[in-house]
Every structure is written in structure tokens, then in C-alpha cells.
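Novice:
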Amino acid sequence: MRATRTDLTLFAENLTTVAKGGKRLLEGMSFELGPSSLTAVIGPSGAGKSTLLGALTGSNPATHGQVIWQGQDLYTHYEQLRFQIGLVPQSDIQHPQLTVRQGLSYAAMLRLPPDTTAAERASRVQRVVGQMQLERQIDNRIGTQLSGGQRKRVSIATELLTAPPLLFLDEPTSGLDPGLDRDVMHQLRTLADEGRVVMVVTHSVLALDVCDNVLVLAPGGRRAYFGPPDGVLAHFGCRDYPQVFDLLDEPDLWQRIPAPPAPVETGRLPAMNAGVTQPPLQSMSRQYWTLVRRNLAVTVSDRLLLMMLLLLPLVLGGLSRVVPGDDGFSIARTINERGMMDHKEALTRLTILIMAAALMGTAVTIRELVGERPIFQREYAVGLSPGMYLLSKVSVLGTACFLQGMLVTWIATVGLPGPDKDGALGMGNFEVALAIGGLSFAMAVLGLAVSAVVTSNEQTMPALVGLVMVQLVLCGALVPVAGRAVLEQLAWLAPARWAFAATAAVVDLDKAKRGLPKDERDLDSLYDQTVAQWILDMSMLWILAAIILAVSFWLVRRSATPRH
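Offset between the sequence shown (1-based) and my numbering: plus 19.
1) If you follow the beta strand (DSSP E) that His-83 is part of, which residue opens it and which one closes it?
2) Is Thr-412 buried or exposed, if buried means 16 or more other CB atoms sit within 10 Å of its CB?
3) What's the call for Ile-455, buried or exposed, on a 16-neighbour Cβ count within 10 Å?
4) Tell me which residues share the same chain as Phe-460 and place their Cβ nearer than 6 Å to its Cβ, disregarding the 5 neighbours each side in the sequence.
5) Based on the DSSP output, what are the partners of Thr-35 in its beta bridges?
6) Which partner residues does Ser-56 have in the DSSP bridge list?
7) Label Trp-573 either buried or exposed according to how many other C-beta atoms from any shown protein chain fall within 10 Å of its C-beta, with 16 as the threshold for buried.
8) For Leu-106 versus Ala-81, is the C-beta spacing smaller than 8 Å?
9) Taking Leu-444 as the reference, give the member of Leu-403, Pro-393, Ala-524 and Val-401 with the closest Cα.
10) Residues in its own chain within less than 8 Å of Leu-315 by CB, not counting five upstream and five downstream?
11) Let's see if you can read the secondary structure: which residues bound the alpha helix (DSSP H) around Phe-102?
12) Do you know offhand how far Leu-324's Cα is from Gly-77's?
13) What are the boundary residues of the beta strand (DSSP E) that Gly-122 is part of?
14) By how many angstroms is the C-alpha of Gln-169 removed from the C-alpha of Val-283?
15) Measuring alpha carbon to alpha carbon, tell me which residue in Gly-466, Gly-344 and Val-342 is nearest Thr-384.
16) Please name the residue, chosen from Val-148, Asp-202, Lys-171 and Phe-102, that lies closest to Ser-110 on a Cα-to-Cα basis.
17) Could you check which residue in Pro-63, Trp-553 and Thr-70 has the C-alpha nearest to that of Thr-36?
18) On the DSSP letters alone, give me the boundaries of the alpha helix (DSSP H) that Ser-386 sits inside.
19) Going along the chain, which residues of its own chain have a beta-carbon closer than 7 Å to the beta-carbon of Leu-410, five neighbours each way excluded?
20) Check whether the stretch 483-492 and the stretch 394-410 touch, using three or more Cβ-Cβ pairs below 8 Å as the test.
21) Which ranges would you report for the alpha helix (DSSP H) in the stretch 146-195 if only whole runs of at least 4 residues count?
22) Roughly how many whole angstroms lie between the Cα atoms of Thr-479 and Leu-512?
23) Output yes or no for whether 8 Å exceeds the beta carbon distance between Ala-141 and Gln-396.
24) For a minimum of 4 consecutive residues, which ranges assigned as the alpha helix (DSSP H) are wholly contained in the stretch 437-497?
25) What does the Cβ neighbour count give for Thr-136, buried or exposed, with the cut at 16 atoms within 10 Å?
26) Going by alpha carbons, who is nearest to Lys-440 out of Ala-59, Asp-547 and Gln-91?
27) If contact is defined by three or more beta carbon pairs under 8 Å, each pair taking one atom from either stretch, is the stretch 111-125 in contact with the stretch 146-162?
28) DSSP three-state call for Val-341: helix, strand or coil?
29) Report yes or no: do the stretch 52-65 and the stretch 86-96 share at least 3 C-beta pairs separated by less than 8 Å?
30) Ile-112 by DSSP, collapsed to three states: which one?
Following this line, the structure appears as C-alpha cells:
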């Protein structure tokens, strides 16, 4: 059955949003947006523009009221209707490291129905590139080879891949010069003329004349005006828009302009239609492999990340080579002038490796999720699995960090004597490398967990320093933790404690202490050079990594919905 004009009209009835504490962010908002219409939303800061956008898109439903689309209540049928909504947030929703073609191609793989062929996806990408006039920039890198206006058009093109009949944009012209501002608004006019309902939140009033409607919001989220753009100034009795914005902040506003109309009566809303069918989604496995491919492409294109992945093991491994002595991890070779063995050289080398693993794993991932949160939130809204998103990050970056740990251990130990008796399993330095690689992996997962919590990149550096310092203190290398109440129990929660214990078991770090008087030995049972002890230490390290991964999933799922 073909959609009627009423079906393609967006109805908002008495939308009211009340924040915690009783403050009203939106009050009694009612209007209709017909097909092929372009509506601009303007108003001073704090007038509820973003709140209105959240209410209309269903990402942050209003406390009271209804949004009707396709004859359905958006809030009741959000899972089905959300795929008909395109939303371009203020932040770019494409990875800056990718080219336009790459970014749109991966977005098409994630968003289009699973039965879409590669040729059909490529055709759809070419179509939206043409709609946004990006043909000449299609192989340019988004972050460094496009202007601000072109990057915004890439975000719009991303939403157009699924041809949504509803399109919302939040400040698409922010930061653009007047010429680009007008270009973007004219492109939105063209998109609306193709039959869409388009709403744009903007601070700019330079191109309001291309809109069908202007919605002016007053502080408190009240509707001060809704109608054609040529009626705004007359409604407020002002000569220009700066006067309008000044008037909107006046305490006696509602004595100086007509009061907003009463809320729409329910009888004016269309009758409810049969349910809208949810389009088929990509399978979990397909999402996972698409995300892995995209993460690899981003990593290869990110020169800073590549340098970090390659140089950190070289620098930190080289640092361990300046440790005095040439006995490596052999305790038996360290006979001092008193005829006793000394473990200081091995302890110092292991401490540097533990620090290196903690630093590498955390540094690589701690900015990862917070840096692309707008991308993830938008993709989650159209069906992306948070679990597959996190798992793809762990697969690519966690594996890279594990290999970093293996590499830094090789650099630190090559050419030096290995552990006595070839370690616990008979594999010598390779056993140490497995523990250091495992710690780097666990810290990469912990870095992702922190990245899911912080709200800005600026918060990641203090968190990075704090995480590494905590691992150094609790690992047992600098401060003995065995037998110390509370501290020992806290150390059980630190991945570095179990990684250091595994390396100490390989090296048999306590061998030198066994010849001391009993009250001076200060032995740690986790350092016994036995197969069972090494397996226990490594098992605890990976169990902790799994627990952190589970917590990370909850945190990522929690960050999937924008919080205003």
C-alpha cells in the first residue's frame, strides 16, 4: 500500500520534557511537518533545541506527548521506525583517517540490508556522493583533505545511504563561512524537494529564506513562533534577527508577543496504521568482520597510531638494555663477592617490561572509544551491536598490543642469558614474552573500559598515568605485596600482579632469597618456578582480562545513547 501524504507528515503533540529536579527543558511543543518540507529551528542557547531534536528522533523521548510518523507512535514503535530517521549530529560521523569512498563503503556495509550486493552498495555510494557534490573529493582523506563544509556533507551522505524519509540535522553549518553556510542550506532544500521531511537546528539566520517553516524556541523550550520565514520579524515586531534573539531573553517576552497556541488536540492526529516492518539487519558475524576491516583500515591510515604501535616497543625495549649487567634473567650467574646470588638485575629488567606492557596497552586504546563516540552512537541507533563493536576493537587493538608485548620482550632479552632451567615450561624467554603480551592485552581492554567512561580526550591523560602507576605499585616489583593485608587483596585485582608473578615464576626470582635466614627471605608463593604456578598466574591474568572485557561491554552499551 502506498504511503499517503498524512503518512509522510510528522506530527508532534504537546511534547514536554522535564529534567531531574523538575526543570522543564521542553514545554507543550506541537506542530506538523509535511512531506517535501524544510524547517529551521532557531533560538538562544538553552532554549531546548537539542532536547527537541532528541524528542523528535526518539533518541531521548519527551517525558509527555507523542510523535506520530507513518501513523505510528514513534516512542511505542521506535525499534521499527528508527530506521526511517536520518540524524546528522554536530560532530562528524565518519572516521577522519579514511577516504570518502572508504568511509561511505563501510557505512553501506553496516547499514544496508544484508541481501544488498557489492555492486548495489557501490552504486548507492556513488549516488549519495553525487547528491552531496563530492565526486571530486571521493578519494580524499576526510580529516585532512576536506574542508569543514565538505566533511559535513560526508556526514549527510552517510545518512542518505538508507534514503530516510525523515532527516534531522544539528548545527550542520556551525563553523562555516557565510558562503558555505548558504550552500549547505540549499543542498538541504534539494533533499527536502525529493519528498523528505527535513529539520535543521541552526544558529545561522543567513539562509532561512530557503526554508518552508521556521520554529523559534524561547528559553524553557516553549514555542515562540512557527510559520514561514518571512513572518518571523513581523511576529516579534523587530527589524532584524539580533533584536529577535535579544527579545527572546527578556523576562516579559510573553507580554510582548502573542502567546503560543494551545496544544494540538488528539483528534487532529491521524488514525493509527498497521505496524511498520523493521528492515532486516546485518548478522552479528557480518557486523564483526566489517568492523574489523574498518578498524584495520583506520589503524593503517593513522600515522600517529602506527608510530605508537611500532616505536613504543623499540623505545621501551631499548630502555631495558641500559640496565647494568649481562646476566639477563639468569639468577644462578649472579654470584656476588659474598658467594650469594643476586636477583636485582632480573628484577629491574622485569619491572621495566611490566611498565612497558602497562603503558603500551593503555596508551593505544584509552582514546579510542571517546574519540569516535558520535560515530558509534549514530551507528548503534541504526542497528549496530555494541558487543560486536567492542569485540572488533579488542580483536584489532588487543592483538596489536599483545604483539607489542612479545616484541618488547624480544628486544629486551635478545643476546642475554635466559631463565635458569629454561623457565617453568622449558621455553625460557618465550614464557616471559607470553606474560608481557598478556598484560599488554589486558591493559588494552582496561584502556577501552576507561575510554567508554570518560567524556573527552582531555580526561584520558590523567587516567593513563593513574592506571600505569597503580599497576606498578600493585604488581609486587617495587613494593612487596605478599602477606600485607588489604594491599595483597587489592593486588589480586591488578593484571600486572599476575603478569609479574608469571614472569617471576619463569625466572625463579626468589631463588636468591632462599639462602637467607628464614626471617629475611620474604618469599612470594606466586613466584614458584613450577608448571602449575605459571599456569595459575597466567590463568588469573586472562580471567581478569575477561572480567574487564565484560565490564567494558556494559560501559560501551551504556555510552551508546547520548545523554543531554
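Note that the Cβ used here is the ideal one computed from N, Cα and C, for glycine as well.
Specialist: By the coordinates alone:
1) In the DSSP annotation of this structure, the continuous segment of the beta strand (DSSP E) that includes His-83 starts and ends at 83-88.
2) Here residue 412 is Lys; the residue named in the question, Thr, does not match the sequence. It is buried - the Cβ of Lys-412 has at least 16 other Cβ atoms within 10 Å.
3) By the 10 Å Cβ count, Ile-455 comes out buried.
4) If the five residues before and after Phe-460 are omitted, its C-beta is found closer than 6 Å to the C-beta atoms of Gly-417, Cys-420 and Phe-421, all from its own chain and listed in chain order.
5) His-83
6) In DSSP, Ser-56 forms a bridge with Val-216.
7) exposed
8) no
9) Ala-524
10) Val-415
11) No alpha helix (DSSP H) holds Phe-102; DSSP gives it neither H nor E.
12) Each residue's alpha carbon lies about 36 Å from the other.
13) Boundaries around Gly-122 are those of the alpha helix (DSSP H), 119-130, since no beta strand (DSSP E) includes it.
14) Because the pLDDT of Val-283 is 48, which lies under 50, any placement of that residue in the model is unreliable, and the question is left without a value.
15) Gly-466
16) Looking at the Cα atoms, Lys-171 is the closest of the given residues.
17) Per the Cα distances, Thr-70.
18) According to the sequence displayed, residue 386 carries Arg and not Ser. Judged by DSSP secondary structure, Arg-386 falls outside any alpha helix (DSSP H); it is assigned neither H nor E.
19) Tyr-307
20) Result no; under three Cβ-Cβ pairs closer than 8 Å.
21) 167-179
22) 21 Å
23) no
24) Correct list: 448-472 and 479-493.
25) exposed
26) Out of Ala-59, Asp-547 and Gln-91, Asp-547 has the C-alpha closest to the C-alpha of Lys-440.
27) yes
28) coil
29) no
30) coil
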